[in-house]
Amino acid sequence: MYTSVHRRAKIRPRQIDSPHVVRESPVRQHAPGERGAEYLAQAGGTFELKSHRAERVEQLLEKGFSLLDQGRYAEALEVSAELEGQRHSAAFEIGALAHLGRGDLTDAIDVLKRGVEAAPTVWVLWQLLGNCESDQGRYSAAEDAYRQALDCRGVWKESVLLNRAILAARDGRFEESLDQLAGIDDPSLEIEVAKARINSLIGAGDPHRAAEEARLRLAELHSAGNQEEAGELGGLLARALLAADVGHDQIRAGALAALRECRGNEDALWVLRELDGEAAAGNSYLRILLHGRLRPELADLHGGALGYYSTVDVIAESLEDALRFVWPLEEDAASLLQVAESEVLEPRPNALKGVYAQNDRSFYLAD
112 MYTSVHRRAK IRPRQIDSPH VVRESPVRQH APGERGAEYL AQAGGTFELK SHRAERVEQL
172 LEKGFSLLDQ GRYAEALEVS AELEGQRHSA AFEIGALAHL GRGDLTDAID VLKRGVEAAP
232 TVWVLWQLLG NCESDQGRYS AAEDAYRQAL DCRGVWKESV LLNRAILAAR DGRFEESLDQ
292 LAGIDDPSLE IEVAKARINS LIGAGDPHRA AEEARLRLAE LHSAGNQEEA GELGGLLARA
352 LLAADVGHDQ IRAGALAALR ECRGNEDALW VLRELDGEAA AGNSYLRILL HGRLRPELAD
412 LHGGALGYYS TVDVIAESLE DALRFVWPLE EDAASLLQVA ESEVLEPRPN ALKGVYAQND
472 RSFYLAD
């Protein structure tokens with residue numbers, strides 16, 4: 112029998128529409144000293160507490176989720192295998208999230224299917240399977256998985272319902288998604304529900320209302336000093352502005368503002384590419400290592416740093432062409448921008464030009 116105390120890792124599939132939500136339920140958190148009795152092993156037809164096993168499983172859980180947070184996915188898979196040997200259902204969650212972190216959606220689904228077969232009463236595994244099936248475009252299978260999750264004891268119902276609403280929007284059922292979101296009342300999911308609602312309003316053909324709600328939420332987040340969430344919502348605002356066709360300058364300003372608060376924001380990068388609308392038969396996918404000299408007035412904000420390095424992925428016809436799209440995203444921080452390295456990864460004929468990914472900046476103190 113599999114035991115099943117779970118925690119949530121902050122990993123989400125990347126895509127332009129609302130990503131599915133993987134969050135830790137506040138009602139499922141336990142203090143470390145209270146967890147030992149949770150880990151039971153079946154012995155002779157009765158449940159027997161194995162304290163040494165509980166201690167080892169606790170260590171593996173801490174290690175596995177920590178490795179996921181650090182992006183050390185190969186090592187997380189090793190922990191997953193050991194947890195499976197301990198017959199703990201978190202093995203499948205950690206394993207699936209590690210595969211997702213490596214971009215292996217098919218492998219993640221395979222792990223989760225084994226997981227729900229071995230531990231069919233663990234709602235977390237069903238929800239994550241639903242999210243992955245949705246990312247794969249198998250919406251009927253995703254709906255079935257969410258239905259199974261809702262039938263599990265102890266399910267975080269609001270989390271599953273939120274993901275079902277996101278699924279409905281992905282399937283083009285925007286009004287149904289909005290109806291489902293209206294029934295979710297969980298303060299811990301308030302921002303996630305707001306983002307899904309704004310996305311569904313855009314899809315339902317009401318971008319002006321979506322922009323209005325995004326502005327209100329942004330004001331609240333700025334007041335609370337929540338820069339990361341504000342950046343994510345700012346990307347949605349830029350999408351709403353693009354859909355509302357409010358004007359080139361206003362749309363671009365909204366996307367750039369979102370990227371200043373949340374570097375690499377996929378919604379904002381997508382808006383800029385759509386706004387420019389440039390494509391060419393000779394396009395290639397380039398990866399560029401940037402070297403930026405930090406603006407002097409920003410040095411104190413970064414511990415006296417002199418500059419930074421960052422990697423960006425760009426589709427363009429040449430390196431020179433690529434830098435046209437890169438510089439506007441760096442000029443808020445760099446007084447001088449140089450290319451440290453670059454490589455062409457593959458041809459991308461007729462794809463939209465522009466920046467597709469930005470890594471965080473790595474600052475340095477001296478040359």
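If you use my numbering, the sequence shown closes out at 478, no skipped numbers anywhere.
Don't be surprised by glycine CBs; every beta carbon is placed ideally from N, CA and C.
Q) Is it the case that the Cβ atoms of Y467 and L367 are separated by a distance below 9 Å? A) Not a contact, by the Cβ cut-off of 9 Å.
Q: Return helix, strand or coil for E452, following the three-state DSSP convention.
A: Of the three classes helix, strand and coil, the one that applies to E452 here is strand, per DSSP.
(Q) For the structure I just gave you, are there three or more beta carbon pairs, one from the region 320 to 328 and one from the region 281 to 289, closer than 8 Å? (A) With a cut-off of 8 Å, the region 281 to 289 and the region 320 to 328 do not count as touching, because too few Cβ pairs lie within range.
Q) Using DSSP with H/G/I as helix, E/B as strand and the rest coil, what is V304? A) DSSP places V304 in helix when its eight states are reduced to three.
Q: Find the nearest neighbour of V455 within the set L383, E428, L211, E442, judged by alpha-carbon distance.
A: Taking only the C-alpha atoms, the option nearest V455 is E428.
Q) Bridge partners of F474, per DSSP? A) Beta-bridge partners assigned by DSSP to F474: Y419.
Q: Answer yes or no: do A207 and A192 have a C-beta to C-beta separation smaller than 9 Å?
A: No, they are not a contact pair.
Q: Could you pull the start and end residues of the beta strand (DSSP E) that V466 belongs to?
A: Here the beta strand (DSSP E) through V466 covers 465 to 469.
Q | Close-in-space but distant-in-sequence residues of the same chain around L273 (CB under 7 Å, 5 per side omitted) | A | Excluding sequence positions up to five before and after L273, its CB lies within less than 7 Å of the CB of V132, I295, L300, E303, V304, A307, all in the same chain and listed in chain order.
Q. Going by alpha carbons, who is nearest to S473 out of D432, R459, L417, P439?
A. In this structure, L417 is the residue among D432, R459, L417, P439 with its C-alpha nearest to the C-alpha of S473.
Q | Segment limits, alpha helix (DSSP H) that includes I295 | A | Membership of I295 in any alpha helix (DSSP H) is not indicated, and neither H nor E is assigned to it by DSSP.
(Q) For L353 and E452, what's the separation of their Cα atoms in angstroms? (A) CA-to-CA, the gap between L353 and E452 works out to about 34 Å.
Q) Who are the Cβ neighbours of Q197 in its own chain at under 8 Å, not counting the five residues just before and after it? A) Correct list, in chain order: R164, R167, V168, L171.
Q) If we ignore side chains and look at the alpha-carbon of each, how far apart do A355 and F203 end up? A) About 43 Å.
**Q.** P231 to T217 span [Cα, whole Å]
**A.** In this structure, the CA atom of P231 is about 20 Å from the CA atom of T217.
Q) What's the C-alpha gap between G365 and G346? A) One C-alpha to the other measures close to 8 Å.
Q | Residue of Q338, A315, I309, G314 minimising C-alpha distance to A325 | A | The residue with the shortest Cα to Cα distance from A325 is I309.
Q) Is it right to say S115 is buried, meaning 16 or more other beta carbons lie within 10 angstroms of its own, or is it exposed? A) Model confidence at S115 stands at a pLDDT of 48, short of 50, so the residue's coordinates are unreliable and nothing is read from them.
**Q.** Boundaries (first-last residue) of the alpha helix (DSSP H) holding R281
**A.** 268 to 281 is the extent of the alpha helix (DSSP H) around R281.
Q: Could you check what DSSP says for R350 in three-state terms: helix, strand or coil?
A: DSSP places R350 in helix when its eight states are reduced to three.
Q: Would you kindly check if the distance between the Cβ of A256 and the Cβ of E244 is under 9 Å?
A: Against a cut-off of 9 Å, the Cβ pair of A256 and E244 comes out as a contact.
Q) Using DSSP with H/G/I as helix, E/B as strand and the rest coil, what is R398? A) Strand, per DSSP.
Q. If you compare alpha carbons, which of Q259, W267, G403, R459 is closest to Y475?
A. The shortest Cα separation from Y475 among Q259, W267, G403, R459 belongs to G403.
**Q.** Paired residues, beta bridge with E457 - DSSP
**A.** Paired residues: Y396.
Q: With a 10 Å radius around its C-beta and 16 neighbouring C-beta atoms as the bar for buried, classify N376 as buried or exposed.
A: By the Cβ-count criterion, N376 is buried, with 16 or more other Cβ atoms from all chains shown falling within 10 Å of its own Cβ.
**Q.** Contacts around G388, its chain only, beta-carbon distance under 8 Å, and the 5 residues preceding and following it disregarded
**A.** Cβ within range, chain order: L463.
Q. So what's G206 in DSSP terms, helix, strand or just coil?
A. In this structure, G206 counts as helix in the three-state DSSP scheme.
Q | Burial state of E286 (16 or more Cβ within 10 Å) | A | It counts as exposed.
Q: Following the continuous alpha helix (DSSP H) through G365, name the residue where it begins and the one where it ends.
A: Start and end: 359 to 372.
Q: If I'm right that L430 touches L383 with Cβ under 8 Å, what's the distance once you round it to whole angstroms?
A: In fact, because the Cβ distance is near 19 Å, the residues do not count as touching under 8 Å.
Q. What number of angstroms, rounded off, separates the C-alpha of R264 from the C-alpha of Q238?
A. Taking C-alpha positions only, R264 is separated from Q238 by approximately 13 Å.
**Q.** Candidates P460, A276, W267: closest to A390 by CA position
**A.** In terms of Cα proximity to A390, the closest of P460, A276, W267 is P460.
Q: Can you give me the start and stop residues for the alpha helix (DSSP H) that E385 sits inside?
A: Where E385 is concerned, the enclosing alpha helix (DSSP H) stretches over 377 to 387.
Q. Whole-angstrom Cβ separation of A341 and L329, contact assumed at under 8 Å?
A. Their Cβ separation, rounded to whole angstroms, is 6 Å, which keeps A341 and L329 in contact under 8 Å.
Q.
Output needed for K224: all residues of its chain with C-beta closer than 8 Å, excluding positions within five of it in sequence on either side, in chain order.
A. Result list for K224: L240, in chain order.
**Q.** For V235 and P407, the rounded distance between their alpha carbons
**A.** Taking the Cα positions, P407 is about 48 Å away from V235.
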